[in-house]
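Residue numbers (mature numbering (1 follows the signal peptide of the UniProt record, and there is no 0)): -20 to -1, 1 to 936.
See structure below.
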């Protein structure tokens, strides 16, 4: 019966080959080359179909043969048949049926096989296949294909090698087919691919379409895919069943190499490396499921693109290297690294575009490290964690861009070094003793960069541009942030609420720099251009320049500001010191060029310091001095602007104050260690200026209403001014030739007074009395008083001013008069009618009856009036009355002159002068001034008086 079935099978098979012969193996164990082993007793020819179907037979070929078709085994009863070829074979087809085995063991590369192989049994070979050959593995009884060939070409370019010494196994459905084309063909694998044991599988120039649930390389096996496309699509995948997701896995020290190829895994399979090595070179890898690197596995990418829409994850001491312009893109998912894993990008790119907001699984964990080095780029558009003592390194001209959140926590470390750049469009958050370091690199913050909870940052030889907000909060004194040899531009906000140190750094503030903690600056430059530099806490600096161009530099309440060998410049901006704070200067220059300095607390000035004010300086408290070893200070204040002392109760200035052309406006009780005014104004506005040293007034003016406690030496300035002043000097007053007192009289009640409690030495000095032209009443007032006046004024000048225009004119002193005694200086206003004073000489009256008559000659011309006392005048003073057109100085005591008495004296003198003058003819020819000078020459010294100064006309 079996024989009949065999005949029917052969008949049906032969029907397809009408023009071919059939040769059947008839022996058991023997050689192909023995004719009696064949049913025809002849060797098969080139056109024959060869059948090897006898059970338990072994056929060995020791020579090269050519036939049409070879069939080993058959479908009925599956006889056990083995064919062994030790030489080459040429055929159109070579079929291996279930339970049959074909072994090609060819010793030389020139021993080749040509034909198509259909495998349903076992095929073991080291063949070099013809490029037109293909192998078909049919799913039968665990069909097996093994190839032990070596990758040697020996110059035969059209021969390529497909070799494998592992199993490619099809175990599911009967007659499922896996087609393997060796060169530029297609390999179909269904449903599973197993590369195992010590095998090594090599695909070159192939397209592999796998429908496997599992593709596994394991047990030290090797898989190489070169110049090929390997695509896996799990036909059993169910999107609603996670367990149906397949896997491409290498494990157990296996090795996978993908070169110049494409590996495509859609969402049906994920890629898993476990304790194995995978190399990807010049390839493209696309995943729609996870890439998992586990258990010490290593994946190396060179000039390779990997794109995944799922997680890229490293676990358990695994390593991933992307080199030579490789690219890893993670779309809508994340990168997760755990348990001492390591990933390096070298001249490569990592892009994470994630919509995931689950911060617990995104980033570096458990001592993991991500290194972006050698011109690499890392672009993050998602949340990314660096935590559990993990490290993110950006090095060697690499670039990191963060458009969402980068978060460091739990002793993590972010390091940007060696000409690299990190640009933060989103936000960076570091806490729990994490660290951010930028060395010789660039940091750009568009979003916000926050560090707190004992975290800190280091900028060294870095360029930092803060467009958004850098906020550093650290209450732990053991940790501090620092900027060394760096340039930091704050176009946004920099907030320090920890310990911050800068050294040899440029800090340029366009918007706001605020420090609430401790801030130390050495050999640095801090510029506030238009924003706010605010320190509340403790700031100390050495060799640092602070410049405020047009913003606000503020020392907050209860703060400390210490500068040694610094320069502080305020240009059109503001420097403000809060309450209960201290500003300490040591060998430091504070220059207010064109700004406003406001101090609500003490300045403490150490030796060799300078406070220079050229604009506005408002002091409410004290400027205290720290003396040198000789108990002295060489520091001083120089004012050429407006220095105002106000807003408090008392002020001490314990360094010399030099007012060199500015305004010193004192509105409260103020004590100076020394005060020297070369020019400008000392304004007393309700306050007292005191000093144990003589207050020197070398120029400018002292005006206002207030007191001076101490001695005053006026060698070139003015006491009083164009406004009415009430000045009291509680000390001695000395006025030299170039000094002057200016008395302004607005009305009978509103007039300047100078009260000197000590001695007033006014010898040969000047006093100017300014009288409102609107005053018409007679007024006698003491304007200068002293415990003891020494000497007399060398010049007394009366001036009239307009209260509306302020214009001044020199007044003829016949209108007003003055007197001096040992305790005061007084003035008598409007002693003579202004019109009569003006017309007493000259005009038609000169030649009238007044010229001659009894007044011209009489007893008043000579007699006792010449050298004696003038009738009707009494008192302790000495009086001098000149011609009506001359200045008149009257030094009077307690008595006042009646208007009639003065008029009588003046008329008598006028008459005498008229007689001495001579000829009326020359009256209209000679100028009035010349007439007066001629007349004064004829007056004897005794008639001018023995006391009082000579007064020059119009002297100021």
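Think of the CB as a built atom: it goes at the ideal place given N, C-alpha and C, for glycine as much as any other residue.
query: Cβ-heavy atom distance, residue 619 to the ligand SAM, below 7 Å; result: The ligand SAM is not part of the structure shown, which contains no ligands of any sort.
query: Pair within 8 Å by beta-carbon distance, residue 599 and residue 579; result: yes
query: Span of the beta strand (DSSP E) around residue 440; result: 436 to 440
query: Through-space distance from residue 397 to residue 418, alpha-carbon basis; result: 6 Å
query: Status (buried if at least 16 other CB within 10 Å, exposed otherwise) for residue 679; result: buried
query: Cutoff 6 Å; reference residue 747; Cβ partners in own chain excluding five residues on either side; result: 721, 773 and 776
query: Residue range of the beta strand (DSSP E) that includes residue 297; result: Residue 297 -> no beta strand (DSSP E), and no H or E assigned at all.
query: Three-way DSSP call (helix, strand, coil) for residue 223 in this model; result: helix
query: Residue(s) in a DSSP beta bridge with residue 729; result: None; residue 729 has no bridge partner.
query: Collapsed DSSP secondary structure at residue 401 in the structure displayed; result: strand
query: Integer-rounded CB distance, given that residue 531 should sit under 8 Å from residue 511; result: 5 Å
query: N-terminal and C-terminal residue of the beta strand (DSSP E) that residue 417 is part of; result: 415 to 419
query: Buried or exposed by the 16-neighbour rule on C-beta atoms within 10 Å, applied to residue 767; result: exposed
query: Contact check, residue 466 vs residue 444, beta carbons under 8 Å; result: yes
query: Buried/exposed call for residue 701, threshold 16 Cβ in 10 Å; result: buried
query: Cβ pair residue 671, residue 699 closer than 8 Å; result: no
query: Classification of residue 732 by the beta-carbon crowding that lies within 10 angstroms, buried from 16 upward; result: buried
query: Whether residue 622 touches residue 645 by CB criterion (8 Å); result: yes
query: Continuous beta strand (DSSP E) stretch holding residue 669: start and end; result: 655 to 671
query: Same chain, Cβ closer than 6 Å to residue 261, neighbours up to 5 away in sequence not counted; result: 239 and 282
query: Buried versus exposed call for residue 730 [16 or more other C-beta atoms within 10 Å across all chains shown]; result: exposed
query: Beta carbon of residue 716 nearer than 8 Å to that of residue 763; result: no
query: Three-state class that DSSP yields for residue 634 in the structure shown; result: coil
query: Run of the beta strand (DSSP E) containing residue 544, from where it starts to where it stops; result: 540 to 544
query: Beta-carbon gap between residue 595 and residue 576 smaller than 8 Å; result: yes
query: Beta-carbon proximity of residue 972 to residue 329, cut-off 8 Å; result: Residue 972 is absent from the model: the chain starts at -20 and stops at 936.
query: Per DSSP, cross-strand counterpart(s) of residue 554; result: 532 and 576
query: Rounded straight-line distance, which links the Cα of residue 461 to that of residue 711; result: 57 Å
query: Contiguous beta strand (DSSP E) assignments of at least 3 residues, all confined to the stretch 308 to 383; result: 315 to 317, 322 to 326, 329 to 333, 349 to 353, 357 to 361, 363 to 367, 371 to 374 and 379 to 382
query: Residue 393 to residue 387 span [Cα, whole Å]; result: 10 Å
query: Other residues of its chain near residue 79: CB distance less than 8 Å, five sequence neighbours each side excluded; result: 53, 58, 59, 60, 61, 101 and 121
query: 8 Å Cβ shell around residue 803 - same chain, five flanking residues per side excluded; result: 765, 766, 767, 768 and 769
query: Within 8 Å, strictly: CB atoms of residue 226 and residue 249; result: yes
query: Classification of residue 95 by the beta-carbon crowding that lies within 10 angstroms, buried from 16 upward; result: buried
query: Segment limits, beta strand (DSSP E) that includes residue 498; result: 498 to 502
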